[in-house]
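Have a look at the structure below, then the notes.
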Amino acid sequence: MTQENSASSAMREEAPYGGAPQNLKRVRTRHFLNAKKSGIKITGLTSYDQLTARIFDEAGIDFLLVGDSAGNNVFGYETTLPVTVDELIPLVRAVAGAAKRAFVIADMPFGSYEANTRDAVHTAIRMMKETGAHAVKLEGGVRSADQIRHIVDAGIPVMAHIGFTPQSEHQLGGHVIQGRGSGEEQLLADAKAIEEAGAFAVVLEMVPADAAAKVTAALSIPTISVGAGPHCDGQLLVWTDWAGLTQGRIPKFVKQYAQIGQTLRDAAATWKADVENGEYPGPENSY
Ligand SMILES: Nc1nc(=O)c2c([nH]1)NC[C@@H]1CN(c3ccc(C(=O)N[C@@H](CCC(=O)O)C(=O)O)cc3)CN21
Ligand SMILES: CC(C)C(=O)C(=O)O
Ligand SMILES: [Mg+2]
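Residue numbers for the sequence shown follow UniProt numbering, so the first one is 1 and each next one is one higher.
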């Protein structure tokens with residue numbers, strides 16, 4: 001969804017081939033659908049603050065997910081499980097306030113939607129009312145279909161998330177690839193249930209590329225890959241993994257496009273040395 005930059009097409013809302021051109025005022029759920037129909041890849045990154053939201057939005061990234069991966073990346077938790085709605089809301093507000101073109105999606109934290117459809121609708125409405133997000137995301141296929149349907153009935157777009165679902169990592173036995181062997185049937189059943197429940201898109205996380213291709217062909221809504229191979233309709237990565245900021249083990253499906261961690265470490269060490277040896281502040285930095 002990144003072509004269509006020419007001045008002649010400026011301000012035309014729909015590109016002739018569908019998808020979401022750069023001059024769109026705002027990416028919408030229909031552009032996800034159009035992109036799938038016309039074979040234009042959808043791009044998303046996570047974002048947890050206004051600085052990165054502004055940068056990724058300016059780069060033309062189609063959607064920004066304020067993931068509960070903020071638990072790991074912002075708050076320093078071991079897993080996403082402790083993240084609360086109250087913790088995530090200010091981050092979503094920062095991202096939604098900064099993104100002009102990108103579609104902003106608020107992740108629903110563990111414990112905020114599973115028990116019943118009332119909880120699910122309540123949380124989704126809070127996210128929309130208190131943040132300015134354009135959609136919510138939750139984990140689970142068949143098991144979350146009722147929740148998806150009720151949130152959609154309340155007028156809120158839902159992105160679903162199946163395959164490896166980090167909120168159930170203890171049940172899944174760790175960071176384990178999903179949809180292998182007989183798991184493929186469950187994956188397809190989950191995907192179908194999500195589509196029938198009215199979700200506008202589905203994230204497939206850590207799924208074999210072949211299984212993800214089958215799901216992508218079987219659905220009319222777009223599939224978004226996080227480690228689910230090249231045949232999905234779009235790709236999503238956790239920005240701190242992708243930019244080389246995450247410490248420790250990162251999944252094989254991540255390709256790093258920058259080394260921000262090393263850049264910052266070098267900058268900090270250089271600045272410390274400059275202060276210690278009197279190089280900083282120089283006359284140009286003093287009044
Ligand atoms: N998209 C995404 N989901 C996550 O759950 C997640 C991230 N990103 N990034 C930050 C952390 C790091 N996580 C992970 C996830 C998987 C592996 C991993 O090593 N996976 C194996 C495959 C699974 C296996 O067979 O054990 C790999 O080689 O990629 C490591 C860290 C979990 N967190
Ligand atoms: C990795 C994506 C799909 C996510 O749910 C998150 O960042 O929380
Ligand atoms: Mg998440």
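Glycine included, each C-beta is placed from N, C-alpha and C at the ideal position.
Sub-8 Å separation of residue i and residue j beta-carbons
{"i": "histidine 231", "j": "alanine 201", "result": "no"}
{"i": "threonine 123", "j": "histidine 150", "result": "no"}
{"i": "lysine 137", "j": "isoleucine 105", "result": "yes"}
{"i": "alanine 120", "j": "glutamine 50", "result": "no"}
{"i": "alanine 199", "j": "isoleucine 148", "result": "yes"}
{"i": "leucine 204", "j": "glycine 141", "result": "no"}
Between the CA atoms of residue j and residue i - distance to the nearest angstrom
{"i": "arginine 28", "j": "glutamate 87", "result": "26 Å"}
{"i": "histidine 170", "j": "asparagine 285", "result": "52 Å"}
{"i": "alanine 267", "j": "glutamine 256", "result": "20 Å"}
{"i": "valine 238", "j": "leucine 64", "result": "10 Å"}
{"i": "asparagine 277", "j": "threonine 270", "result": "11 Å"}
{"i": "glutamine 235", "j": "glutamate 279", "result": "45 Å"}
{"i": "proline 283", "j": "glycine 244", "result": "34 Å"}
{"i": "leucine 187", "j": "valine 176", "result": "14 Å"}
{"i": "serine 220", "j": "glutamate 78", "result": "36 Å"}
{"i": "proline 281", "j": "arginine 54", "result": "30 Å"}
{"i": "aspartate 153", "j": "threonine 263", "result": "47 Å"}
{"i": "proline 16", "j": "methionine 159", "result": "No answer about proline 16 holds up, because its pLDDT of 44 lies below 50 and its placement is not dependable."}
C-beta neighbour in chain B for residue i, strict 8 Å
{"i": "glutamine 178", "result": "This model lacks chain B altogether; it includes just one protein chain."}
Start and end residues, beta strand (DSSP E) containing residue i
{"i": "glutamate 205", "result": "201-205"}
{"i": "threonine 46", "result": "42-46"}
{"i": "alanine 243", "result": "Neither: alanine 243 is in no beta strand (DSSP E) and is coded neither H nor E."}
{"i": "isoleucine 224", "result": "223-226"}
{"i": "isoleucine 162", "result": "158-163"}
Enclosing alpha helix (DSSP H) for residue i [first to last residue]
{"i": "glutamine 235", "result": "Careful: glutamine 235 lies outside any alpha helix (DSSP H), inside the beta strand (DSSP E) at 234-237."}
{"i": "methionine 127", "result": "117-131"}
{"i": "threonine 52", "result": "50-58"}
Beta-carbon separation (whole angstroms), residue i vs residue j, contact threshold 8 Å
{"i": "phenylalanine 110", "j": "threonine 80", "result": "6 Å"}
{"i": "alanine 218", "j": "glutamate 184", "result": "Incorrect: roughly 11 Å between the Cβ atoms, too far for contact."}
**Asked** So which residues touch the region around ligand 2, with touch meaning a C-beta under 7 Å from any heavy atom?
**Response** Thr46, Leu65, Gly67, Asp68, Ser69, Thr80, Asp107, Lys137, His161, Pro166, Val203, Glu205, Val226, Leu236 and Val238
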